[in-house]
Amino acid sequence: MSTTNKTTPLFSKENFILMLVGGLVIALGMFLMSGGKSEDPTVFSNNEVYSSTRITVAPILIVVGLLIEVYAIFKKPKTAA
Numbered sequence: 001m002s003t004t005n006k007t008t009p010l011f012s013k014e015n016f017i018l019m020l021v022g023g024l025v026i027a028l029g030m031f032l033m034s035g036g037k038s039e040d041p042t043v044f045s046n047n048e049v050y051s052s053t054r055i056t057v058a059p060i061l062i063v064v065g066l067l068i069e070v071y072a073i074f075k076k077p078k079t080a081a
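Start counting the sequence shown at 1; every next residue gets the next number (my numbering).
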């Protein structure tokens, strides 16, 4: 008596694409948050450190990327009927 167990994959191609997109959004946020090298290290530049890109845009992108990742993990793959 032979029985075959049919298992469905945990993630589909769509899940992996969403995970890749989420990872890229997180990487973009980290890149925008990273600092540049100052011309003179003894001088503090308020505009460079506290720019709106580093303080608001980059963290929002990181959170959006994490939300995309969570959605990609929990999204059920479509079953072929």
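In this text, a Cβ means the ideal position worked out from N, Cα and C, and glycines have one as well.
These numbers come from a predicted model, not from an experiment.
Distance CB(residue i)-CB(residue j) smaller than 8 Å
{"i": "Lys75", "j": "Asn15", "result": "yes"}
{"i": "Pro9", "j": "Gly29", "result": "no"}
Buried versus exposed call for residue i [16 or more other C-beta atoms within 10 Å across all chains shown]
{"i": "Ile68", "result": "buried"}
{"i": "Val25", "result": "buried"}
{"i": "Gly65", "result": "buried"}
Segment limits, alpha helix (DSSP H) that includes residue i
{"i": "Leu18", "result": "Lys13 to Met33"}
{"i": "Leu61", "result": "Ala58 to Phe74"}
{"i": "Asn47", "result": "Asn46 to Val49"}
Residue-chain proximity (residue i, chain D), Cβ-Cβ < 8 Å
{"i": "Glu14", "result": "Chain labels in this structure do not include chain D; a single protein chain is all it has."}
C-alpha gap between residue i and residue j, whole angstroms
{"i": "Ser52", "j": "Met33", "result": "10 Å"}
{"i": "Met19", "j": "Ala72", "result": "6 Å"}
{"i": "Phe31", "j": "Gly23", "result": "12 Å"}
{"i": "Asn46", "j": "Ile55", "result": "12 Å"}
{"i": "Lys78", "j": "Asp40", "result": "56 Å"}
{"i": "Val70", "j": "Val57", "result": "20 Å"}
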